[in-house]
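Count the sequence shown with the numbering used here and you get residues 1 to 455, in order.
Glycine included, each C-beta is placed from N, C-alpha and C at the ideal position.
Everything below concerns the one structure shown next.
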Amino acid sequence: MVGFELLVCVLAVPALLLPFLSRWPKVSRLVALASVALAAAVHALGLPHSLSGELGADTFTWAVLAVAMLDALAALTGFADPLREHEEEVPLLSLALFSLLGVVGLAYAGTLPMFLASWVLFSAASYAVVALAKDKFSAAGATKYGLMSVASSSLLLLALAALAAATGGLRLAAVGAAAPALAVVAAALSLAAMGFKIGVFPFHAWLPDVYGVSDPLPVSLVSALSKSAAVIAVYKVAQVAAPALGVEWLALFGLAAVLTMTYGNVTALLQRGFQGLLAYSSIAHAGYILVGLSAMSLQGQARPLALYGLLMQLIAYSFAKTGLFLLARMLRPAGASPPRLDDLRGLSGADAVSSAAALVLVLSLMGIPPLAGFWGKLYLFLSVVQQAPWLTAAALLNTGIGAAYYARLVKSMYFESGSPAVQPYRSTRAALVACSAVTVAAGLLPFLLPPRAWP
Numbered sequence: 001m002v003g004f005e006l007l008v009c010v011l012a013v014p015a016l017l018l019p020f021l022s023r024w025p026k027v028s029r030l031v032a033l034a035s036v037a038l039a040a041a042v043h044a045l046g047l048p049h050s051l052s053g054e055l056g057a058d059t060f061t062w063a064v065l066a067v068a069m070l071d072a073l074a075a076l077t078g079f080a081d082p083l084r085e086h087e088e089e090v091p092l093l094s095l096a097l098f099s100l101l102g103v104v105g106l107a108y109a110g111t112l113p114m115f116l117a118s119w120v121l122f123s124a125a126s127y128a129v130v131a132l133a134k135d136k137f138s139a140a141g142a143t144k145y146g147l148m149s150v151a152s153s154s155l156l157l158l159a160l161a162a163l164a165a166a167t168g169g170l171r172l173a174a175v176g177a178a179a180p181a182l183a184v185v186a187a188a189l190s191l192a193a194m195g196f197k198i199g200v201f202p203f204h205a206w207l208p209d210v211y212g213v214s215d216p217l218p219v220s221l222v223s224a225l226s227k228s229a230a231v232i233a234v235y236k237v238a239q240v241a242a243p244a245l246g247v248e249w250l251a252l253f254g255l256a257a258v259l260t261m262t263y264g265n266v267t268a269l270l271q272r273g274f275q276g277l278l279a280y281s282s283i284a285h286a287g288y289i290l291v292g293l294s295a296m297s298l299q300g301q302a303r304p305l306a307l308y309g310l311l312m313q314l315i316a317y318s319f320a321k322t323g324l325f326l327l328a329r330m331l332r333p334a335g336a337s338p339p340r341l342d343d344l345r346g347l348s349g350a351d352a353v354s355s356a357a358a359l360v361l362v363l364s365l366m367g368i369p370p371l372a373g374f375w376g377k378l379y380l381f382l383s384v385v386q387q388a389p390w391l392t393a394a395a396l397l398n399t400g401i402g403a404a405y406y407a408r409l410v411k412s413m414y415f416e417s418g419s420p421a422v423q424p425y426r427s428t429r430a431a432l433v434a435c436s437a438v439t440v441a442a443g444l445l446p447f448l449l450p451p452r453a454w455p
């Protein structure tokens, strides 16, 4: 498959060569940005392929990978100015490319070995990205993140082993029909693996220590790519396991969704730190994603609606969290403690552009129409409203709780006085504006490509 081979070359070769450019950090930044931009162009020119072979990306995984690439491009753009203060600038850029390469491998994986290898590559690279920030806050977070990455990879290995044991074969597409009895094991283990990676309750304990206190610069990339990687991974497992489970799949993922949404939103409501609030809201958004994944076993229009909602929710979450964590970096000099909500007071007066862009992202996370977050929640909730009205009711209740703490961010930025110390990072501000522009543009997608036109 020429497209996949080009993607690997475009990302892997610069990632391997960047350490040799450590004497020229500006050149390194340009090479990393050009690599991701070229990869996005190659991906855009390619077409979705069947998942029946050893390599292939269907329409959904192709679209999720496109979101991941654009988000990585925005994050690396925002890195440019703050990275000048970073001791390990070039290794961080190299590892960022390897992280994205892991997501590419997951999207195209058609065999169990490639699936697992891609997951391990992404997990190892994303852990190292966080660990490179050598301040005391990031060190503790990176240690926990590393342990959880090992746990998540081990559980995914067990899930794939359960699938492979059924047939003795290695192709994902051939497993489900031949071994429905092992689908329950694979579903439970894949949920646990995903849970460790993106903070699904009760596998979430590490996430606040990483997202909430570590250097927000690498977190701005890792938080978004982790969601994309986990969604692709569980989606591919769902392709072979969900049809064999039916209502059991819905119950398993639906219960996890309710627990995760509720815990994340209620805990975020109690936070006084800006990064801490973003961390716990990330747990809540993992719950919303689980709502869509729970519909993978349903028939009729439920599944297309869920896939459409998942894509819109990923767009809303990825660009919002990348932008808001970049804003946190603008409020947090290198090595300083995490910013608090009080540090946002008066931001609209100190930096009108950044506050306006952040406002768009916060409103999208709240689910305000017609931004991307509104459409994501709408289609996710519609996908399960007939078969699981209890899940829709819980999701709507949690959306209301989430709106309360997001409103606190708006209040601090626009309705409270203060003098926030905003770092003059032009590249970071540009990336923040780009994230908000994508969020607004994505809100038009349902009008241009409605769910009924979704393949």
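In angstroms with no decimal places, state the Cα-to-Cα distance between residue i and residue j.
{"i": "A117", "j": "Q299", "result": "32 Å"}
{"i": "P82", "j": "T392", "result": "41 Å"}
{"i": "S28", "j": "P304", "result": "41 Å"}
{"i": "L65", "j": "V104", "result": "7 Å"}
{"i": "V234", "j": "L448", "result": "28 Å"}
{"i": "S405", "j": "R332", "result": "Note that residue 405 is Tyr in the sequence shown, not Ser. Roughly 21 Å separates the two Cα atoms."}
{"i": "S52", "j": "G110", "result": "Unreliable positioning characterises S52 in this predicted model, as indicated by a pLDDT of 49, which lies under 50. The coordinate reading is nonetheless provided below. So the alpha carbons of these two residues sit roughly 7 Å apart."}
{"i": "S419", "j": "T77", "result": "26 Å"}
{"i": "A430", "j": "S364", "result": "19 Å"}
{"i": "A437", "j": "P113", "result": "38 Å"}
{"i": "L310", "j": "F374", "result": "12 Å"}
{"i": "G355", "j": "V42", "result": "In the sequence under discussion, the amino acid at residue 355 is Ser, which differs from the Gly named in the question. Cα-Cα distance, rounded: 34 Å."}
{"i": "I289", "j": "V231", "result": "8 Å"}
{"i": "R270", "j": "V433", "result": "What sits at residue 270 in the sequence shown is Leu, not Arg. One C-alpha to the other measures close to 28 Å."}
{"i": "A15", "j": "F4", "result": "16 Å"}
{"i": "A63", "j": "V210", "result": "28 Å"}
{"i": "M69", "j": "R23", "result": "27 Å"}
{"i": "I315", "j": "V240", "result": "25 Å"}
Could you check which residue in the options has the C-alpha nearest to that of residue i?
{"i": "V362", "options": "T439, L391, F447, A393", "result": "T439"}
{"i": "K197", "options": "L217, Y317, W249, S126", "result": "S126"}
{"i": "A34", "options": "G309, F20, V13, S297", "result": "V13"}
{"i": "E248", "options": "A279, M296, L278, A233", "result": "M296"}
{"i": "T322", "options": "F79, F20, T260", "result": "F79"}
{"i": "M312", "options": "V237, L17, V67, A41", "result": "V67"}
{"i": "K227", "options": "F122, R23, S436, L326", "result": "F122"}
{"i": "A205", "options": "R272, G246, Y280", "result": "Y280"}
{"i": "A72", "options": "L16, T260, G443, C435", "result": "C435"}
{"i": "A74", "options": "S22, T59, P218, S214", "result": "P218"}
{"i": "P19", "options": "V90, V240, T61", "result": "V90"}
{"i": "V422", "options": "V410, A350, P370, I368", "result": "A350"}
{"i": "F115", "options": "M69, A57, R84", "result": "A57"}
{"i": "P338", "options": "W390, V237, P216", "result": "P216"}
{"i": "A124", "options": "A229, S214, V291", "result": "A229"}
{"i": "P370", "options": "A352, F60, P446, S318", "result": "P446"}
Just reading off the alpha helix (DSSP H) that residue i is part of, what are its end residues?
{"i": "A404", "result": "389-414"}
{"i": "L252", "result": "247-269"}
{"i": "P91", "result": "89-108"}
{"i": "A350", "result": "347-350"}
{"i": "M296", "result": "Where M296 is concerned, there is no enclosing alpha helix (DSSP H), given that its DSSP letter is neither H nor E."}
{"i": "H204", "result": "Taken as a continuous stretch (DSSP letters only), H204 belongs to no alpha helix (DSSP H), as it is neither H nor E."}
{"i": "D71", "result": "59-79"}
{"i": "P113", "result": "112-131"}
{"i": "R303", "result": "302-330"}
{"i": "V31", "result": "25-45"}
{"i": "R429", "result": "426-442"}
Flag this pair as yes or no: are the beta carbons of residue i and residue j separated by less than 8 Å?
{"i": "L92", "j": "L132", "result": "yes"}
{"i": "G462", "j": "F203", "result": "There is simply no residue 462 to check, as the chain begins at 1 and stops at 455 in what is shown."}
{"i": "F325", "j": "L278", "result": "yes"}
{"i": "F415", "j": "L341", "result": "no"}
{"i": "R329", "j": "S412", "result": "no"}
{"i": "S99", "j": "L207", "result": "no"}
{"i": "V387", "j": "L250", "result": "Here residue 387 turns out to be Gln, not Val, going by the sequence shown. Closer than 8 Å, so yes."}
{"i": "F456", "j": "L397", "result": "Residue 456 lies beyond the residue range present for the chain, which begins at 1 and ends at 455; the question has no answer from this structure."}
{"i": "G402", "j": "N265", "result": "yes"}
{"i": "S383", "j": "A257", "result": "no"}
{"i": "V410", "j": "L359", "result": "yes"}
{"i": "L101", "j": "V8", "result": "yes"}
{"i": "A407", "j": "M261", "result": "no"}
My assumption, with CB atoms under 8 Å, is that residue i sits in contact with residue j. Please give the rounded CB distance.
{"i": "L293", "j": "F253", "result": "5 Å"}
{"i": "Y263", "j": "Y379", "result": "Y263 to Y379, Cβ: 24 Å. No contact."}
{"i": "L95", "j": "A128", "result": "5 Å"}
{"i": "A372", "j": "A286", "result": "With 8 Å as the limit, A372 and A286 do not qualify as a contact, their Cβ atoms being about 17 Å apart."}
{"i": "L21", "j": "V36", "result": "Not really, about 16 Å apart at Cβ, beyond 8 Å."}
{"i": "V130", "j": "V222", "result": "6 Å"}
{"i": "A11", "j": "A39", "result": "Contrary to the premise, residue 11 reads as Leu rather than Ala in this sequence. So it is a contact: roughly 5 Å between Cβ atoms."}
{"i": "A284", "j": "A306", "result": "Between A306 and A284 the Cβ distance is about 18 Å, and since that is not below 8 Å, they are no contact."}
At least one CB of chain E closer than 8 Å to the CB of residue i: is that the case?
{"i": "Y379", "result": "Looking for chain E here will not work: only one protein chain is present."}
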